[in-house]
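First up is the structure itself, then whatever we jot down about it.
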Amino acid sequence: MSTSGQAPRPQSSANAPTYFEQQREELVKEIALSLEQVLQNINRLNRNLESVITVGNEFSSVEALWSQFETVMGNNNENQHADENAQNDDDREHAEGVHEDDDEKVKREEEDEEVRRG
Numbered sequence: 001m002s003t004s005g006q007a008p009r010p011q012s013s014a015n016a017p018t019y020f021e022q023q024r025e026e027l028v029k030e031i032a033l034s035l036e037q038v039l040q041n042i043n044r045l046n047r048n049l050e051s052v053i054t055v056g057n058e059f060s061s062v063e064a065l066w067s068q069f070e071t072v073m074g075n076n077n078e079n080q081h082a083d084e085n086a087q088n089d090d091d092r093e094h095a096e097g098v099h100e101d102d103d104e105k106v107k108r109e110e111e112d113e114e115v116r117r118g
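Residue numbers (the UniProt record's numbering): 1 to 118.
Set out below in structure tokens:
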């Protein structure tokens, strides 16, 4: 009897691997090859990402120039809009002032008539 709890194997097959062991060995080899390919692909991806980052860093000065241009144009645009808005406000106030003057004139005339009648 065997003390390991497994059924004893015949002497002739003691050295020969079983079907399960053969399949397991094949699968382990396939897994090892697949992991090696994954590692190679990750390394390739890493190199490509590094080159993309390098190219991106080369454009940092161009990006800074365009940002500065955008800021200047944005400030000019804001100033232009502010000037237009101020002009529109002045026009609106002037137009409202004209209407207010007319209204005040009419009220004064009505008051004058009441005083004359009164």
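Glycine included, C-beta positions come from ideal geometry on N, C-alpha and C.
This structure is a prediction, so every number in the text was calculated from the model and none was measured.
Taking the beta carbon of residue i as the centre, do at least 16 other beta carbons fall within 10 Å, making it buried, or is it exposed?
{"i": "T18", "result": "exposed"}
{"i": "S2", "result": "The predicted position of S2 is uncertain, since its pLDDT is 46 and thus under 50; a value taken from the coordinates is nonetheless stated next. S2 should be labelled exposed."}
Cβ of residue i less than 8 Å from any chain D Cβ?
{"i": "R44", "result": "In the structure shown, chain D cannot be found, because there is only a single protein chain."}
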